[in-house]
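Report on the structure given below.
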Amino acid sequence: MLRFPIASPAGAYGWRPVLIMAALFFSIGFVTWLNGPLITFVQIAFNLSDVASFLVPVCFYLAYLVFPLPATLLARRIGLRRGLVVALAIMAAGTLLFGECVNGRWYAGALSGLSVIGAGLSLLQITVNPYVSLLGDHDRAAQRIAIMGIANKFAGIVAPVLFALIVMPDVGQVVANISHTPAGPVRDAVLTQFTHAVHVPYQVMAGLLVLLAILVARAPLPEITLDAAEPQGAPARKAQPVWLLTGVFAMFLYVGVEVMAGDAIGLFGHSFGLSLDITKYLTALTLASMMLGYLVGMIIVPRFISQDGYMLTCCLLGIVICLVALVVPGLIPVFCVALLGFANAMILPALFPIVLAEAGSDGAKATAFLVMAYSGGAVLPQVFVHIAPMLGNLHAFMALVIPAYIFIAGWSLALRAKTGGPAPESLIISAGD
1 MLRFPIASPA GAYGWRPVLI MAALFFSIGF VTWLNGPLIT FVQIAFNLSD VASFLVPVCF
61 YLAYLVFPLP ATLLARRIGL RRGLVVALAI MAAGTLLFGE CVNGRWYAGA LSGLSVIGAG
121 LSLLQITVNP YVSLLGDHDR AAQRIAIMGI ANKFAGIVAP VLFALIVMPD VGQVVANISH
181 TPAGPVRDAV LTQFTHAVHV PYQVMAGLLV LLAILVARAP LPEITLDAAE PQGAPARKAQ
241 PVWLLTGVFA MFLYVGVEVM AGDAIGLFGH SFGLSLDITK YLTALTLASM MLGYLVGMII
301 VPRFISQDGY MLTCCLLGIV ICLVALVVPG LIPVFCVALL GFANAMILPA LFPIVLAEAG
361 SDGAKATAFL VMAYSGGAVL PQVFVHIAPM LGNLHAFMAL VIPAYIFIAG WSLALRAKTG
421 GPAPESLIIS AGD
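Written out as structure tokens, the structure reads:
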């Protein structure tokens, strides 16, 4: 007979820290998944090409390549809790900078604001994942991470919808007005009014992040250090460099695929003739699909299938969806891309701990490398927009995504063959990128 865990995942510290951490994961998801509609927004506001508009995810995700190692050193020095406060303050500054620069129609400044947000998120990822894992008993860590994942994915659904409704409610009309208005004061006035719609929402977001930082600073949260993530009294396990590095590359590819499905779907849908009034909601559709996949994974893993076994299943499902998209007619390929969110949902929560297990006693350093691998979200979308004119959007998309799924699945199978069974798991896992 199946037995379902009934004990509370909150642990000895109670639910307050868990709920505060869930708010942090909501903020991660909210800021991260605004990039999809932002690509469309900046393309219109600054009259950009596809390549130039996709500098949005480039600047955002390249911060993950630059800042995780310094963030790890800072977190070790000041502790995880203070690291959370500093991360939120940096994100607030970046959000404010982005809003001000867009309002002033300065694209380079807006991109710098996204880089600052990415720097804050790098520190937040380094601190919040181990903090949540160490809030309670080890055997309930996955349940706490599941709560965090739901908060993150729910924010990913809400953020694009709110952005579309508040900032781009009549984007189709704006584009029509611009296309029929010659360059000059009248056209500039239309674009100024369009970009000004970002100003107040981003000021509000910055204010909310500051309030969240104050809440974390003043709340009676336990003090936890990164050293607590290292097993005490247990023999050190030697790191496996080859498997660690290839696993980090698998994470690099995965985040690129996730961002392609979430952020590039707007451009993808537009290439199939969908209007901007529809494509502005497509990121939310992908995230809804992703949240459904996450909920399904929570139910069946590990009750019915192992964590790495489900990751393999997800990769195979992603490949099948991509192959279907290549042969079906009409608008169905667009919905196939949104459905990739379902396939992607449980890959990161499975891949993260497996790679950490290969790091042995160097878990903190491996966490930094894994967060650096989130820079795949900068690289793959940029490659996509460069090769799309040659291959077409559909074939360019699938030429990147299908090999990525194959590599991740192959890496997992090879690791399984090496260990002679299911891949080992580790305590610290991630619920959001």
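Note that UniProt numbering has the sequence shown beginning at 1, numbered continuously upward.
Cβ coordinates follow ideal geometry from the N, Cα and C atoms, glycine included.
All values derive from a computational prediction rather than experimental measurement.
In chain order, what residues of the same chain have a beta carbon less than 6 Å from the beta carbon of residue 233, not counting five sequence neighbours either side? Unreliable placement is indicated for residue 233, whose pLDDT of 43 sits below 50; no coordinate value is reported for it.
Can you check whether the C-beta of residue 247 is within less than 9 Å of a C-beta belonging to chain B? Considering every chain present, this structure includes no chain B. It has just one protein chain.
Three Cβ pairs or more, each shorter than 8 Å: is that satisfied between the region 282-292 and the region 182-192? In short, these stretches do not touch, since the Cβ pair count stays below three.
Taking the alpha carbon of residue 215 as the point to measure from, which residue in 81, 407, 118 has its own alpha carbon closest? Check the Cα spacing between residue 215 and each of 81, 407, 118: the tightest is with 81.
Along the chain, where does the alpha helix (DSSP H) containing residue 15 start, and where does it finish? Residues 15-32.
Integer-rounded CB distance, given that residue 243 should sit under 8 Å from residue 73: About 25 Å separates the two Cβ atoms, so there is no contact after all.
Determine whether the beta carbon atoms of residue 54 and residue 167 lie at a separation below 9 Å. The answer is no: Cβ separation not under 9 Å.
On the three-state DSSP scale, how would you describe residue 391? Note: residue 391 maps to helix in three-state DSSP.
Report the start-end ranges of each alpha helix (DSSP H) in the region 334-372 that is 4 residues or longer and not cut off at the edges. As far as the region 334-372 is concerned, its whole alpha helix (DSSP H) runs of at least 4 residues are 347-358, 363-372.
Just the Cα atoms here: how many angstroms apart are residue 32 and residue 76? Each residue's alpha carbon lies about 25 Å from the other.
Inter-stretch contact (C-beta, 8 Å, three-pair minimum) for the region 204-221 and the region 81-101: At 8 Å Cβ cutoff, the stretches touch.
Check whether the Cβ atoms of residue 261 and residue 341 lie closer than 9 Å to each other. At the C-beta level, residue 261 and residue 341 come within 9 Å of one another.
For residue 105, does the three-state DSSP call read helix, strand or coil? Coil.
With H, G and I counted as helix, E and B as strand and the rest as coil, what does DSSP make of residue 280? Coil.
In three-state DSSP terms, what is residue 43? Residue 43: helix per DSSP, three-state reduction.
As assigned by DSSP and simplified to three states, the class of residue 167: Coil, per DSSP.
Could you say which of 318, 301, 61, 30 lies nearest to residue 380 if we only look at CA atoms? Distances from the CA of residue 380 to each of 318, 301, 61, 30 were compared; the closest alpha carbon is that of 61.
Whether residue 263 touches residue 36 by CB criterion (9 Å): Yes, the Cβ-Cβ distance between residue 263 and residue 36 is below 9 Å.
Close-in-space but distant-in-sequence residues of the same chain around residue 195 (CB under 7 Å, 5 per side omitted): Around residue 195: 45, 102, 103, 105.
Rounded straight-line distance, which links the Cα of residue 98 to that of residue 265: Taking the CA atoms as reference points, residue 265 sits about 23 Å from residue 98.
Do the region 246-256 and the region 113-133 touch if we need at least three Cβ pairs shorter than 8 Å? Because the criterion of three Cβ pairs below 8 Å is not met, the region 246-256 and the region 113-133 do not touch.
Take residue 339 as the anchor and find which of 353, 357, 330, 314 has the nearest alpha-carbon. When each option's Cα is compared against that of residue 339, the closest is 314.
Determine the DSSP secondary structure at residue 427, reduced to helix, strand or coil. Only weak support exists for where residue 427 lies, its pLDDT of 40 falling under 50; the coordinates are left without a value.
Closest to residue 150 by CA distance: which of 199, 202, 25 is it? Nearest Cα to residue 150 within the set 199, 202, 25: 25.
Bounding residues of the alpha helix (DSSP H) (the contiguous stretch that carries residue 320): From DSSP, the alpha helix (DSSP H) with residue 320 extends over 307-327.
Would you give the residue range spanned by the alpha helix (DSSP H) that residue 194 belongs to? That run of the alpha helix (DSSP H) goes 185-196.
May I ask you to report which of helix, strand or coil DSSP gives residue 301? In the structure shown, residue 301 sits in coil (DSSP, three-state: anything other than H, G, I, E or B).
Could you say which of 156, 359, 400, 353 lies nearest to residue 376 if we only look at CA atoms? Checking every option, the nearest Cα to that of residue 376 belongs to 400.
Let me know the secondary structure DSSP gives residue 384 once reduced to three states. In the displayed model, residue 384 falls within a helix according to three-state DSSP.
CA nearest to the CA of residue 190, picked from 197, 270, 178: It is 178 whose Cα lies nearest to the Cα of residue 190.
Over the uninterrupted alpha helix (DSSP H) stretch that includes residue 258, give me the two end residues. For residue 258, the enclosing alpha helix (DSSP H) covers residues 241-263.
Classify residue 154 as helix, strand or coil using the three-state DSSP reduction. DSSP places residue 154 within a helical segment (H, G or I) once states are collapsed to three.
Here's the rule: buried if 16 or more other CB atoms are within 10 angstroms of the residue's CB, otherwise exposed. What is residue 253? Buried: at least 16 other Cβ atoms inside 10 Å.
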